[in-house]
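Protein chains: 2
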Amino acid sequence: MRPLALAGMGSFTAGGRKVRVEGEAVETISFSAGFRDYAYNPNGEFWIEQSYVQFFIPQEKQFPLPVLLVHGGGLTGSCWETTPDGRLGWQESLLRRGVATYTIDMVERGRAGFSSLPGIWQGRPLQRSAEEAWALFRVGTRSDFASRKTFEGTQFPVEAFDELMRWAVPRWLTNTEAQVAALVEAVRKIGPCYLIGHSQGGGHALVAAEREPELVRACVVLEPHGAPTQFEQAASRPVLLVQGDFLDFDDVWKGLVRNADESLNAWRRGGGVTDVLDLPSLGLRGNSHMLMMDRNSETVLDLVMDWLVRIDVYQWKQEDRT
Amino acid sequence: MRPLALAGMGSFTAGGRKVRVEGEAVETISFSAGFRDYAYNPNGEFWIEQSYVQFFIPQEKQFPLPVLLVHGGGLTGSCWETTPDGRLGWQESLLRRGVATYTIDMVERGRAGFSSLPGIWQGRPLQRSAEEAWALFRVGTRSDFASRKTFEGTQFPVEAFDELMRWAVPRWLTNTEAQVAALVEAVRKIGPCYLIGHSQGGGHALVAAEREPELVRACVVLEPHGAPTQFEQAASRPVLLVQGDFLDFDDVWKGLVRNADESLNAWRRGGGVTDVLDLPSLGLRGNSHMLMMDRNSETVLDLVMDWLVRIDVYQWKQEDRT
């Protein structure tokens, strides 16, 4: 592969809040054999609920605005990197197409960190089993997990399913607002940009776009969930919904498709514009929920970029360039 | 800054194990407003205790072996990226010096993920307060945190202390062996390499070097802790200990320095070679525990690289090149 020339790379945090813990007992702990009997004081000031953003700026930008990649539930920003079977992920592919990328780890996930402070977060973190992931990501039915029998013609690189499971992280069910708030702060630090959000990250992307319509110039939502069914200021912003295959297989996915449709209807009622990239109806069969990792991930990204280029040419005429 | 040409980038996981949860009750949960009443089944197969490794390969290598960067306790691989005050971190600086970098997130930290499964891990995760970090990282005394009065001449970018606190993540005290095991697996995937480890990561680096003396060709340990005081197969491998300033300020650091000395003595008894880069005795005053983030971080890295080049020239004559 040809070299990739970067003008810059790095990371920063966005959002978060300071909390104070008081009245907890000091405890004697050991960090290691040589670092024993340390008086751990759990009281004091802590930062929680920030997001982590890693960015890469290509030397030769072919595209005026950067893309912010927003991962889904139970995963981190690593889902945009090397695919589970070792191919080029969307993050590097975007860079090689001349697009600056910002990849977020949302609150509680990955390098954003989570809070283990007493009494601050509600509930407990849940971890997704391989069986649940197999079914919910539409690689196959839950009962076929043991035999690894997939849906016919799946595009998911099934031989690398275990690698995907090693990317999984626990999730709380109660941090949606904190996640969206820190995503919006990330957008404010980045400036005008496009969001590409997957699953829970697709829902969060639309909420962020509603809160910062001047900055979020378009959203690509890959099988989103969690988006509202009311928007007030979609402000003519375009949204592309991307959907894979096997969506009518069970009631969970039928419901998620219906909810995504309702969100897009609400986006239009709020003044926005929507497009749908239904991959099977374009003849692209076999895509799982993990569209950016499927064997045809580059073809899916080609289609997404075709759309973003059209959007961009339109916006080029309308907006300031950054 | 001049462009940075990469031959490749990406990430992978290393190590980990599969566990099975059985006999837990199915629970009805809501992922979002549009994804309600989902039957969450906590039973099944899970992957835990893997490490996450992100790598960057420069187009023009000036240095034959890659460096694996091993973060300390309560942090993630992000500690090697942009410094808290926005300067070049060691990861990018190494790349710009022609060194391939692998950056690990150790078990339970960052993108490696943690386990929230019932009954698998012992104990609970602890979070470090800003007050404790201020003192333990030797920016100033705990009692001076409120006024932000630092040790005189500190090199830590104190105006960015809050940003460092937003990088902090909780830690368990009980996962040392799992962390080392997944670090060793990372080394096996990378092949011959040098380790640069900070704090807890410095201790882990020496243990990994003992387990894979053919692959770990040298270690640079920045104020390490947790290294053993017995080594059997240091195999002539060189170790560089790097220490900052204010180490005689309190008993915690006096003890940690003594333990680091004991580990290095043990390394020599085990057949290894050691060097010490005591920064104050070289006239470099004011370094905190966060040597790679201090204002003179590039000067410290210059010294580390001078040492690695000498080691490398020596090893060049002795070993196969990769």
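Chains as they are written, first to last, in this note's numbering: chain A, 61 to 382; chain B, 61 to 382. All residues carry an ideal CB built from backbone N, CA and C; glycine is no exception.
- With contact defined as three or more Cβ pairs closer than 8 Å, the region 276 to 294 of chain A and the region 309 to 321 of chain A are in contact.
- For chain A, the residues of the region 62 to 76 of chain B that bring a beta carbon within less than 8 Å of one of its beta carbons are PRO63, LEU64, ALA65, LEU66, ALA67, GLY68, MET69, GLY70, SER71, PHE72, THR73 and GLY76, in chain order.
- Every unbroken stretch of the beta strand (DSSP E) spanning 3 or more residues and falling wholly within the region 147 to 231 of chain A is given here in chain order: 161 to 165.
- Here ARG328 (chain B) is not bridged, per DSSP, to any residue.
- Of all C-beta pairs linking the region 345 to 363 of chain A to the region 62 to 70 of chain B, fewer than three are shorter than 8 Å, placing the two stretches out of contact.
- The C-beta of ALA326 (chain B) comes no closer than 9 Å to any C-beta of chain A.
- ASP311 (chain B) sits in a helix when the DSSP states are folded into three classes.
- Between the region 125 to 138 of chain A and the region 151 to 168 of chain A there are three or more C-beta pairs closer than 8 Å, enough to call the two in contact.
- SER357 (chain A) places its beta carbon 9 Å or farther from that of PRO230 (chain B).
- Counting along the chain, LEU66 (chain A) sits inside the beta strand (DSSP E) bounded by residues 64 to 81.
- CA-to-CA, the gap between ASP97 (chain A) and LEU301 (chain B) works out to about 24 Å.
- The count of Cβ pairs closer than 8 Å, one atom from the region 105 to 125 of chain B and one from the region 212 to 220 of chain A, stays below three, leaving the stretches out of contact.
- Using beta-carbon distances, ILE89 (chain A) counts as an interface residue toward chain B, with a partner under 9 Å.
- Approximately 6 Å separates the beta-carbon atoms of SER138 (chain B) and TYR112 (chain A); this is inside 8 Å, confirming the contact.
- Residues of chain A with a Cβ closer than 8 Å to the Cβ of THR236 (chain B) are, in chain order, SER92.
- With fewer than three CB-CB distances shorter than 8 Å, the region 194 to 208 of chain B does not count as touching the region 100 to 114 of chain B.
- Beta-bridge partners of VAL317 (chain A) (DSSP): none assigned.
- Beta bridge pairing from DSSP links TRP107 (chain A) with A:LYS78.
- When Cβ pairs closer than 8 Å are counted between the two stretches, the region 298 to 312 of chain A is seen to touch the region 325 to 345 of chain A, the count reaching three or more.
- Secondary structure note for GLY261 (chain B): its alpha helix (DSSP H) is the uninterrupted segment 260 to 271.
- ALA246 (chain A) has its alpha-carbon roughly 20 Å from the corresponding atom of LEU148 (chain B).
- No Cβ of chain A is located within less than 9 Å of the beta carbon of PRO298 (chain B).
- PRO178 (chain A) counts as exposed, since fewer than 16 other beta carbons sit within 10 angstroms of its beta carbon.
- Cα atoms of TRP181 (chain B) and ALA287 (chain B): separation of roughly 22 Å, rounded to the nearest angstrom.
- Taking 9 Å as the threshold, the shortest C-beta distance from PHE95 (chain A) to chain B falls below it.
- Pairing ALA295 (chain B) with GLY332 (chain B) gives a Cβ-Cβ distance under 9 Å.
- The continuous beta strand (DSSP E) containing VAL281 (chain B) extends over residues 276 to 282.
- Linking THR359 (chain B) to ALA206 (chain B) through their CA atoms gives a straight-line distance of about 30 Å.
- At least one C-beta of chain B is nearer than 9 Å to the C-beta of ALA287 (chain A).
- Within chain B, no residue has its beta carbon less than 8 Å from that of GLN290 (chain A); the closest one is some 11 Å off.
- Contact annotation, GLU141 (chain B) with GLY173 (chain A): C-beta distance approximately 15 Å; criterion of less than 8 Å not satisfied.
- Collapsing the DSSP output to three states places PRO144 (chain A) in coil.
- Close to chain A, meaning a Cβ-Cβ distance shorter than 9 Å, are the following residues of the region 168 to 179 of chain B: ARG169, GLY170, ARG171, ALA172, GLY173, PHE174, SER175, SER176 and LEU177.
- Neighbours of MET352 (chain A) in chain B, taken as residues whose beta carbon is under 9 Å from its own, are absent, since the nearest beta carbon is some 14 Å off.
- Under the Cβ criterion of 9 Å, LEU307 (chain B) is not counted among the residues facing chain A.
- In this model, GLY315 (chain A) and GLN260 (chain A) are separated by some 15 Å (Cα to Cα).
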